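Chemist:
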Amino acid sequence: MMNLPCCDHTCHTRCLDRWFRSLIPASSNCPHCREEFDPEIDDEDEMANENFMAIIQEVYTQLRNHQARKKRQQLQLRNHQARKKRQQLQETNALIIRNTLNTGVKSRKLKVEVKVKSEEEVKSKLVELWKNAAAMKQPKLDEVVESRDQLMEKSCKPVRVNVLIQIH
């Protein structure tokens, strides 16, 4: 919208542009009241409006560029933090693996199938096997098999028992 300088009537800018193009320059007057006005003043206002719009567009573009730079910096910071965290996790995993291999502790899981008459007998035999396994420097499979065979002779129902032996 634009006010005409001679009479302050308000018109759409597009309508005024079309109206000015259709007129002969010598007969410039208001389309509402036909009051004459100087078209150079209108051209000056139009130039000022165009300059103002160009400034607004430039400021808007600068604002969008600033926001894009800020967003890019935030993403770069997040990526850097994620890479750093991943590297720390890899170092921690490597340290855990190295420590596990260096301790010399090996675990062996032996499955022993035994037949027993009661739970108490199972518990006591497990304690006995555990004590025997702890006393051994190396597991002797023959002794474990012999204990299993002895239990099988005494018992009536099969029970699967997992024994974890740690060798130092």
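The working numbering puts the sequence shown at residues 569 to 736. From the three backbone atoms N, C-alpha and C, an ideal C-beta is built for every residue, glycine too. Computed from a prediction, not measured in an experiment: that's the story for all the values here.
Does DSSP classify Cys579 as helix, strand or coil?
Modeler: Cys579 falls in the strand class under three-state DSSP.
Chemist: Taking C-beta to C-beta, are Cys598 and His580 nearer than 8 Å?
Modeler: Cβ atoms of Cys598 and His580: not closer than 8 Å.
Chemist: Going by the DSSP bridge assignment, what does Glu614 pair with across the sheet?
Modeler: Answer by DSSP bridge pairing: none, since Glu614 is not bridged.
Chemist: Since I believe Glu603 is in contact with Cys583 (beta carbons under 8 Å), could you give me their beta-carbon distance rounded to a whole number of angstroms?
Modeler: Not quite, the Cβ-Cβ distance comes to about 17 Å (not below 8 Å), so this is no contact.
Chemist: Is the beta carbon of Asp613 closer than 8 Å to that of Met570?
Modeler: Yes, the pair counts as a contact, with Cβ atoms nearer than the cut-off.
Chemist: Grab me the residues of Cys601's own chain with a C-beta within less than 6 Å of its C-beta, minus the 5 sequence neighbours each way, in chain order.
Modeler: Around Cys601: Cys575.
Chemist: Buried or exposed: which applies to Lys652, given that a residue is buried once 16 or more other Cβ atoms fall within 10 Å of its Cβ?
Modeler: Per the 10 Å Cβ criterion, exposed.
Chemist: Can you give me the C-alpha to C-alpha distance between Met615 and Gln642, rounded to a whole angstrom?
Modeler: Approximately 41 Å, taken between the alpha carbons.
Chemist: If I measure Cβ to Cβ from Ile665 and keep anything under 6 Å in the same chain, skipping five residues before and after, which residues do I get?
Modeler: For Ile665, where only same-chain residues beyond five positions count, there are no Cβ hits under 6 Å.
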